[in-house]
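What follows is a single structure, written as structure tokens, with notes after it.
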Amino acid sequence: AAQCLGELYRQFGRRITSGLLETTIIAAKLMKFNEEFVRQEALLLLQNALEGSGGSAAASAYSEAFRLIMRFAIVDKSFVVRIAGARCLKAFAHIGGPCLGVGELDNSATHCVKAIEDPIASVRDAFAEALGSLLALGMNPQAQVQPKGKGPFPPAKKLEGGLQRHLALPFTRANGAKSKNMRVNLTLSWVYFLQAIRLKYFHPDSELQDYALQVMDMLRADIFVDSHALACVLYILRIGVTDQMTEPTQRSFLVFLGKQLQAVDASPFMKIAALRTLSYTLKTLGEVPSEFKEVLDSTVVAAVSHSSQLVRIEAALTLRALAEVDPTCVSGLITYGVTTLNALRENVSFEKGSSLMVELDSLHGQATVVAALIFISPKLPLGYPARLPKLVLEVSKKMLTESSRNTLAATVEKEAGWLLLSSLLASMPKEELEDQVFDILSLWATLFSGNAEHIIKQHGDLTSKI
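Residue numbering for the sequence shown follows the UniProt record's numbering, beginning at 1 and increasing consecutively.
As structure tokens, then:
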């Protein structure tokens with residue numbers, strides 16, 4: 001009987017809105033049954049009735065329905081009933097939240113965040129979707145429905161600070177055994193919210209840039225950030241932001257992301273997120289816009305010399321993505337990289353203290369860029385410059401055999417040399433290096449010569465040498 005009534009509301013709800021209050025009372029009575037399937041069907045009936053009525057029924061019906069959901073449905077002992085309760089909350093958001101003021105929206109969002117800690121994955125998923133829908137409604141007061149009947153009704157207002165309070169803060173504060181589940185479902189809530197903003201409330205895609213900044217800001221406190229948090233943020237930026245943008249907006253988004261790399265207060269993980277999203281957006285566009293080329297040197301190329309090794313590596317991978325999209329730039333980038341490496345090797349022999357560290361960071365970054373470009377070059381439509389193998393091999397040999405007298409500088413130089421050599425050997429056809437094979441093999445001679453036991457006693461820990 002409940003299923004039949006629910007189907008009637010789903011098909012003809014706007015014609016029978018006068019019965020919504022009585023239907024809600026019936027659902028409340030069914031919620032008192034011990035059998036969980038009866039309680040589940042009661043909420044399915046309520047969901048269909050809410051969606052069918054479309055926000056045009058009497059205010060008392062919606063008030064009673066909301067009370068039933070918040071007091072009983074979302075805290076039920078049965079997980080299937082809690083899922084049904086979450087879907088009812090989503091239905092409320094879908095029809096414009098009649099009778100829901102800012103306080104009710106904020107309260108229901110708070111309960112959704114708490115429910116995201118549920119041990120059952122399907123419950124977490126249902127409340128994540130409800131949370132995204134409720135927040136999207138809260139950000140769009142013009143879409144909030146004023147019900148029929150005698151007032152006064154709460155005025156339609158924007159839910160100020162809702163994203164920070166219900167998405168960003170719980171994400172950054174997540175810790176312990178449940179932290180990954182919490183972050184994953186908050187990530188889904190972000191995506192549901194952003195998709196609702198675009199597809200339901202028709203906000204211009206240019207607004208997505210502002211939300212992207214809020215998403216990346218969740219990585220600002222490095223002490224709370226790990227690879228899992230970074231992966232969640234990248235998912236939001238890809239699915240919720242980049243994939244919803246039109247091509248013109250993606251072009252301006254590249255410049256926007258570049259500017260985030262120049263921000264003084266941006267954390268290393270924020271810059272990594274910006275660089276990874278840059279790579280994805282470039283590949284999505286399939287070209288390098290002229291406006292982005294203008295800021296390339298001051299953004300991505302500058303990040304190659306960043307003090308964080310992770311940022312330097314990500315910047316190198318971004319330049320590799322750029323080379324995949326625009327193969328004509330490979331030769332210029334590699335030539336620039338090799339020239340810079342030679343100049344940095346000269347500088348390293350004179351610098352000391354903090355200046356030395358800056359030069360060594362730049363040297364490592366440039367070597368990583370060249371290695372990344374070498375690796376991708378043979379797979380590109382235009383291939384690789386004919387002089388590339390010998391040019392890079394020569395630089396690599398110098399780094400390995402003519403390194404600085406400074407121990408720290410020598411270690412970085414040799415690491416860079418081995419990085420270039422390994423990339424060359426892994427990617428180039430063997431014919432390119434046949435005449436150099438003995439010179440290449442001789443580079444390992446000093447490492448494997450002498451008595452092994454004596455070397456171990458002499459150096460103690462061989463980790464750095466290996």
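C-beta atoms are modelled at their ideal positions from N, C-alpha and C, and glycine is treated no differently. Since this is a predicted model, take the numbers as computed values, not measurements.
Compare the beta carbon distance of residue i and residue j with 8 Å and say whether it is the shorter of the two.
i, j, result
"T284", "T328", "no"
"P289", "R251", "yes"
"K157", "P141", "yes"
"K137", "V113", "Going by the sequence as given, residue 137 is Leu instead of Lys. Against a cut-off of 8 Å, the Cβ pair of V113 and L137 comes out as no contact."
"H306", "D361", "yes"
"G162", "A109", "yes"
"A143", "Y192", "no"
"E359", "V369", "no"
"M270", "L219", "yes"
"L443", "L391", "no"
"S308", "P268", "yes"
"G332", "F292", "no"
"A93", "L68", "no"
Reducing DSSP to helix, strand and coil, say where residue i ends up.
i, result
"A156", "coil"
"K148", "strand"
"A58", "strand"
"Y201", "coil"
"D326", "coil"
"Y384", "coil"
"H306", "coil"
"E402", "coil"
"T246", "coil"
"W190", "helix"
"M357", "helix"
"K259", "helix"
"D106", "helix"
"R183", "helix"
"L135", "helix"
"L341", "helix"
"F350", "coil"
"N48", "helix"
"R251", "helix"
"C88", "helix"
"L285", "helix"
Identify which residue in the options has its Cα closest to the Cα of residue i.
i, options, result
"S279", "F256, A409, V301 and L317", "L317"
"residue 481", "T411, L363 and L388", "Residue coverage of the chain in this structure runs from 1 to 466, which leaves residue 481 outside it and unanswerable."
"V215", "A343, G240 and L199", "G240"
"E402", "R345, A263, C88 and F253", "R345"
"A371", "V412, T407, L425 and R405", "L425"
"F127", "A93, A416 and I83", "I83"
"V102", "V80, A303 and L134", "L134"
"T24", "A73, L199 and K414", "A73"
"Y336", "A321, A367, S267 and S349", "A367"
"D205", "V225, P248, R15 and P429", "P248"
"F350", "L382, R320, N406 and L333", "N406"
"E394", "R165, Q436, A273 and L408", "Q436"
"S377", "V412, K397, E431 and L322", "L322"
"E104", "A115, M70 and D125", "M70"
"G353", "A409, A27, V304 and I116", "A409"
"Q11", "L45, L380 and L275", "L45"
"D439", "T411, S396 and K414", "S396"
"D326", "V301, G286 and R67", "G286"
"F33", "C4, A57 and V81", "V81"
"L169", "E291, E35, V264 and A229", "A229"
"A196", "F171, Q244, R39 and L421", "Q244"
"V304", "K379, G365, A386 and R87", "G365"
"V330", "Y384, Q209, E294 and F292", "Y384"
"D106", "K77, F153 and R165", "R165"
"S227", "I272, F256, A263 and G6", "I272"
"A15", "Q47, K77 and G55", "Per the sequence shown, residue 15 should be read as Arg rather than Ala. Of Q47, K77 and G55, the residue nearest in Cα terms is G55."
"A115", "V75, L199 and E415", "V75"
"T446", "K414, S422 and E207", "K414"
"residue 473", "A221, V225 and Q209", "Because residue 473 is not part of the residues shown, which for the chain are 1 to 466, the question remains open."
Hey, residue i and residue j are a contact pair by Cβ (cut 8 Å); roughly how many whole angstroms apart?
i, j, result
"G13", "S63", "With a Cβ gap of about 18 Å, G13 and S63 do not count as contacting."
"A61", "L21", "4 Å"
"E129", "K90", "6 Å"
"A49", "Y9", "4 Å"
"A2", "A42", "6 Å"
"M139", "L167", "About 11 Å separates the two Cβ atoms, so there is no contact after all."
"L261", "V300", "7 Å"
"V295", "V255", "6 Å"
"L319", "L373", "7 Å"
"E117", "S78", "Not a contact, Cβ separation roughly 17 Å."
"E432", "L380", "Incorrect: roughly 16 Å between the Cβ atoms, too far for contact."
"Q47", "C88", "5 Å"
Shorter than 8 Å from the beta carbon of residue i to some beta carbon of chain D?
i, result
"L44", "The structure shown has no chain D; it contains just one protein chain."
Would you check if the stretch 95-105 and the stretch 167-181 touch, i.e. whether three or more CB-CB distances between them fall below 8 Å?
no
How do the stretch 178-189 and the stretch 121-135 stand: do at least 3 beta-carbon pairs fall below 8 Å, yes or no?
yes
For the stretch 306-321 and the stretch 338-347, state whether three or more C-beta atom pairs, one from each stretch, are separated by less than 8 Å.
no
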